[in-house]
Amino acid sequence: MAHTLRALTHLRMGVRIYALTILTLLMRTYPDLCRNSIDLFDSFVEFLNSKRIPANRKLLLDAVHAFLRAFLVEECARVGPLHVASFSIRTKQCTRINLIPTTAPLIDFCVLGSQPQQSKSSLYLSDKFLPALSGILSLFLMSASEDESSCNEKEWVDIFGMLNKALLQIRASSQTVQFEEELKKTLSGINSLLKNGNLSARIHTSLQKLNLPNKRPVGKVKNDH
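As numbered in the numbering used here, residues 14 to 238 make up the sequence shown, in order.
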């Protein structure tokens with residue numbers, strides 16, 4: 014993994030494309046393991062915000078989609094087999110037993126990096142989310158300027174939907190004026206596109222949701238005098 018991440022910044026474009034292809038495959042195949050890799054998150058975000066990204070927009074789009082799918086934590090209720098059950102002939106009642114075992118990863122430790130396992134995905138940390146959002150929006154603006162966004166409508170709608178889920182989670186857990194100000198700056202590049210851009214209705218709606226102001230009260234940054 015360390016060699017793959019380092020190859021993302023290689024001087025030769027062919028090496029960077031090969032590394033991105035391998036990384037996308039890893040994120041699609043082992044999303045739970047990739048989610049625990051801080052190095053993977055930081056390296057991919059740095060790659061997105063660099064000026065040496067490949068010209069193949071579809072390759073980049075697939076990588077971004079796999080990246081968000083890996084680092085977005087979907088909450089789901091898991092019901093495991095009951096260890097205690099009751100049965101009564103008199104009341105004609107019994108405890109229902111779910112014989113379907115819970116799905117757990119076969120490998121529950123990080124094998125894609127040397128850092129310890131995280132309890133929280135980097136995507137939900139405000140200082141990590143903003144540069145990731147910036148890099149993804151830059152890629153979208155390039156695609157929109159080349160009229161390629163409509164050709165990949167479904168992928169972009171999914172991407173903006175996942176970003177919005179992460180943003181809502183961040184706002185629910187920690188809200189500061191500084192974060193909202195930085196977020197506003199990051200999203201400023203899409204304002205003119207929302208007003209005058211030739212976007213499909215679904216992409217426009219997804220972007221609009223992402224660009225909605227925060228309606229919840231936020232904490233102010235304290236200044237010591």
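Just so you know, even glycine gets a beta-carbon here, dropped at the ideal spot from N, CA and C.
| Item | Value |
| --- | --- |
| Contact set for Ala-7: own chain, Cβ-Cβ below 6 Å, skip 5 residues either direction | Outside the displayed span of the chain (14 to 238) sits residue 7, for which this structure offers no information. |
| Val-86 beta carbon less than 8 Å from that of Ile-149 | no |
| Three-state class that DSSP yields for Thr-22 in the structure shown | coil |
| Where Gln-131 falls: helix, strand or coil (DSSP) | Here the model assigns Gln-131 a pLDDT of 49, short of 50, so the residue's position is not dependable and the matter cannot be decided. |
| Proximity below 8 Å, CB of Asn-227 to CB of Glu-193 | yes |
| Limits of the unbroken alpha helix (DSSP H) element including Thr-199 | 190-200 |
| Buried versus exposed, by CB contacts within 10 Å (16 or more), Ile-203 | buried |
| Contact set for Asp-237: own chain, Cβ-Cβ below 8 Å, skip 5 residues either direction | Low confidence applies here, because Asp-237 scores a pLDDT of 45, under 50, leaving its location unreliable and the question unanswered by this model. |
| Ala-179 versus Lys-141, Ser-158, Leu-73, residue with shortest Cα-Cα distance | Lys-141 |
| Cβ neighbour criterion (16 or more within 10 Å) applied to Leu-181 | exposed |
| Where Leu-74 falls, given that 16 or more other Cβ within 10 Å makes a residue buried | buried |
| Buried or exposed (CB count within 10 angstroms, at least 16 for buried), Thr-37 | buried |
| Sub-8 Å separation of Arg-65 and Arg-29 beta-carbons | yes |
| Alpha-carbon to alpha-carbon, Leu-21 and Leu-196 | 27 Å |
| Candidates Gly-174, Met-155, Gln-191: closest to Leu-206 by CA position | Met-155 |
| Ser-99 (DSSP reduced to helix, strand or coil) | coil |
| Glu-168, enclosing alpha helix (DSSP H) - first and last residue | 166-186 |
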